[in-house]
Amino acid sequence: MKSLLMTDLLTQKTFRAIAPNFFIFLMSLVPFLFLPLTHLFLPNLGIGALYFWAVYCPEKISLWVIFGSGLLQDGLFGTPLGLFGCLNLLFWILTIAHRKYLFKRSFLMGWFGFFILYSVTFILKECVIWTLQRPLYSESMMLEGITSLLSYPFVAIVCLYVHQKSS
Amino acid sequence: MKPWMILSAVKRPQTVNYLWPRLKMSLFFMSAFLLSLLTYFDAHLQTKSRSALLDATAFITDLCRWPAQTGSFLTASLVSHFDVYEKNKKLRDENRTLRAQHSLTLALAAENNRLRNKLKVIKEIEPEFSSVRVIGAVKSPYQHNVLLGSGEKEGIQVKSAVLVDRQILGRIIEVGNYSCRVLLMTDPQSHIPIVLEKSGVQGILSGDNSSLMRIRVVEKTLISSTGNAVHSLKEGEQRPKVAKGEYVFTSGQGGVFPTGFVVGRVVEVTPHEILVQSMIDMTQLEYVQVVKPYEESVDD
Numbered sequence: 001m002k003s004l005l006m007t008d009l010l011t012q013k014t015f016r017a018i019a020p021n022f023f024i025f026l027m028s029l030v031p032f033l034f035l036p037l038t039h040l041f042l043p044n045l046g047i048g049a050l051y052f053w054a055v056y057c058p059e060k061i062s063l064w065v066i067f068g069s070g071l072l073q074d075g076l077f078g079t080p081l082g083l084f085g086c087l088n089l090l091f092w093i094l095t096i097a098h099r100k101y102l103f104k105r106s107f108l109m110g111w112f113g114f115f116i117l118y119s120v121t122f123i124l125k126e127c128v129i130w131t132l133q134r135p136l137y138s139e140s141m142m143l144e145g146i147t148s149l150l151s152y153p154f155v156a157i158v159c160l161y162v163h164q165k166s167s
Numbered sequence: 168m169k170p171w172m173i174l175s176a177v178k179r180p181q182t183v184n185y186l187w188p189r190l191k192m193s194l195f196f197m198s199a200f201l202l203s204l205l206t207y208f209d210a211h212l213q214t215k216s217r218s219a220l221l222d223a224t225a226f227i228t229d230l231c232r233w234p235a236q237t238g239s240f241l242t243a244s245l246v247s248h249f250d251v252y253e254k255n256k257k258l259r260d261e262n263r264t265l266r267a268q269h270s271l272t273l274a275l276a277a278e279n280n281r282l283r284n285k286l287k288v289i290k291e292i293e294p295e296f297s298s299v300r301v302i303g304a305v306k307s308p309y310q311h312n313v314l315l316g317s318g319e320k321e322g323i324q325v326k327s328a329v330l331v332d333r334q335i336l337g338r339i340i341e342v343g344n345y346s347c348r349v350l351l352m353t354d355p356q357s358h359i360p361i362v363l364e365k366s367g368v369q370g371i372l373s374g375d376n377s378s379l380m381r382i383r384v385v386e387k388t389l390i391s392s393t394g395n396a397v398h399s400l401k402e403g404e405q406r407p408k409v410a411k412g413e414y415v416f417t418s419g420q421g422g423v424f425p426t427g428f429v430v431g432r433v434v435e436v437t438p439h440e441i442l443v444q445s446m447i448d449m450t451q452l453e454y455v456q457v458v459k460p461y462e463e464s465v466d467d
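In order, the protein sequences belong to chains A and B.
My numbering applies: residue 1 is where the first sequence begins, and numbers increase by one.
My numbering applies: residue 168 is where the second sequence begins, and numbers increase by one.
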């Protein structure tokens with residue numbers, strides 16, 4: 001009886017530790033599935049999940065996960081390896097640094113904070129990619145930025161659900 | 168109470184370690200930066216490491232693809248039930264047209280064979296294909312590519328052409344052990360030697376990260392990226408006329424793409440370029456055909 005209880009507690013503890021990290025990987029992978037309209041653009045859902053955990057629960061996320069999700073995005077997007085890892089880590093650092101202005105604020109303020117921080121990272125990413133690969137301007141570049149910003153409320157709702165289940 | 172007991176009773180203030188988290192963050196950042204520099208300057212390492220990463224994620228991508236594709240299929244089936252009558256009528260008309268064209272195609276093929284035999288034209292080797300399942304599609308501003316669920320273990324090689332229903336989709340640029348990446352025609356790095364159906368104009372078809380492709384290099388007239396002609400036509404030569412709706416085929420030059428496969432149709436003709444659109448429905452990609460490499464036979 002005691003051993004069953006211990007096993008159950010261990011499983012719950014493992015789930016609480018793994019769930020937020022696994023969710024970030026899943027959000028990075030979702031845009032590459034055959035979902036409606038993803039043949040037109042690819043929103044960066046992983047960055048929304050990173051922002052949520054950075055503001056509300058940064059201790060649950062491992063740096064390996066941030067780096068690994070960046071590597072996954074590099075492998076799938078076709079960008080130089082390490083690029084998205086750098087950008088995700090930079091985004092994480094920026095969000096942690098400004099966490100005191102975002103924590104315990106209204107949802108709209110949080111969304112505005114995501115807009116500011118994501119815009120900085122997005123512009124930096126496009127500058128680096130333009131320098132390295134020189135892509136031609138396309139509507140999908142702006143669509144990616146806009147849809148990533150607009151998708152934050154949906155990502156936040158799912159992250160909140162995972163957060164409640166894992167705490 | 169003795170003095171040393173008072174001292175031992177005082178709790179030491181907890182020292183908060185700020186150094187280690189910052190050091191860890193810096194180490195990760197530097198590692199990511201060095202990795203990106205290393206893979207950028209060493210193309211071979213970049214290809215190998217990306218192929219290995221692709222193999223590692225192919226299983227997860229394939230696993231996650233199934234529910235998403237099933238959901239898309241069910242949604243499309245449900246939506247299509249509302250316009251069954253219109254679709255049925257459209258399909259009957261198409262069927263009638265295709266039957267008429269089929270008998271004409273048979274007659275043309277027979278005449279083509281007779282003329283080839285008379286001229287003693289050397290028969291071209293028909294390419295062989297292997298069907299491969301699509302496990303992911305990436306249409307980002309950085310690259311347009313499709314991920315396939317077969318790799319080197321199944322005989323897939325780099326630079327092999329990829330087709331969908333005898334229409335060109337792209338070519339393979341990266342191969343792992345169990346997966347590979349296809350560069351689509353719409354990617355700016357894609358350049359396909361083509362020939363136009365009626366006018367016979369030869370050129371190079373390039374993608375520009377949009378849904379259309381452009382023919383910039385036309386036989387006898389080189390069009391630069393700014394739209395100006397670099398080499399003008401000779402005296403008395405007329406610019407070849409290209410019509411809208413004209414089919415674009417592969418010319419076979421370069422040896423990567425087999426000859427005579429449809430690439431797309433001309434949708435717009437401007438003085439500086441010709442815009443071509445592919446007829447492949449990217450939302451319905453499930454299986455593609457990869458051209459097998461030719462095995463050269465050596466005469467003893």
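The beta carbon of each residue, even a glycine, is placed where N, CA and C say it ideally should be.
{"query": "Step through the CB atoms of chain B and report whether any lies within less than 8 Å of the CB of L160 of chain A.", "result": "no"}
{"query": "Name the residue from A:K165, A:L108, A:G85, A:I157 whose alpha carbon lies nearest to the alpha carbon of A203 of chain A.", "result": "The shown model of chain A, from 1 to 167, leaves out residue 203 of chain A, and the question about it has no answer."}
{"query": "Buried or exposed: which applies to K125 of chain A, given that a residue is buried once 16 or more other Cβ atoms fall within 10 Å of its Cβ?", "result": "buried"}
{"query": "In chain order, what residues of the same chain lie with their CB nearer than 6 Å to the CB of A54 of chain A, ignoring the 5 residues before and after it?", "result": "W92, T95, I96"}
{"query": "What are the partner residues of E435 of chain B, as DSSP defines its beta bridges?", "result": "B:L442"}
{"query": "Along chain A, which residues have their Cβ under 8 Å away from the Cβ of V305 of chain B?", "result": "F32, L42, L76, F77, G78"}
{"query": "May I ask you to verify whether the stretch 255-263 of chain B touches the stretch 411-420 of chain B, counting CB pairs closer than 8 Å and requiring at least 3?", "result": "no"}
{"query": "Tell me whether Q420 of chain B sits in a helix, a strand or coil according to DSSP, three-state version.", "result": "coil"}
{"query": "Around the Cβ of L230 of chain B, are there at least 16 other Cβ atoms within 10 angstroms (buried) or fewer (exposed)?", "result": "exposed"}
{"query": "If we count the other Cβ atoms within 10 Å of its Cβ and call it buried at 16 or more, is H398 of chain B buried or exposed?", "result": "Note on H398 of chain B: pLDDT 48, under 50, position unreliable in the model; no value is reported."}
{"query": "Put I157 of chain A into one of helix, strand or coil per three-state DSSP.", "result": "helix"}
{"query": "Can you pull the chain B neighbours of G82 of chain A, defined as C-beta to C-beta under 9 Å?", "result": "S198, A199, F200, L201, L202, S203, L204, L205, T206, Y207"}
{"query": "Under 6 Å Cβ to Cβ from L379 of chain B, same chain only, skipping five residues before and after it: list those, please.", "result": "L442, Q444"}
{"query": "Is there a Cβ from chain A that is less than 8 Å from the Cβ of M192 of chain B?", "result": "yes"}
{"query": "The beta strand (DSSP E) spanning G318 of chain B covers which residue range?", "result": "No beta strand (DSSP E) contains G318 of chain B, which DSSP labels as neither H nor E."}
{"query": "Quick one: residues in its chain with C-beta nearer than 8 Å to the C-beta of P355 of chain B, no 5 flanking neighbours on either side, listed in chain order?", "result": "S373, G374, D375, N376"}
{"query": "Could you tell me the alpha carbon to alpha carbon distance between Y345 of chain B and H163 of chain A, rounded to whole angstroms?", "result": "36 Å"}
{"query": "Is there contact here, the stretch 102-117 of chain A with the stretch 208-221 of chain B, by at least three beta-carbon pairs under 8 Å?", "result": "no"}
{"query": "Determine which residues share a DSSP beta bridge with H211 of chain B and list them.", "result": "The partner list for H211 of chain B (beta bridge, DSSP) is empty, contrary to what the question assumes."}
{"query": "State yes or no: is the C-beta of S69 of chain A within less than 8 Å of the C-beta of I129 of chain A?", "result": "no"}
{"query": "Tell me R381 of chain B's beta-bridge partners as DSSP assigns them.", "result": "B:S373, B:L442"}
{"query": "Taking Cβ to Cβ, would you say A276 of chain B is nearer than 8 Å to P425 of chain B?", "result": "no"}
{"query": "Please report the straight-line C-alpha distance between I340 of chain B and G75 of chain A, rounded to a whole angstrom.", "result": "13 Å"}
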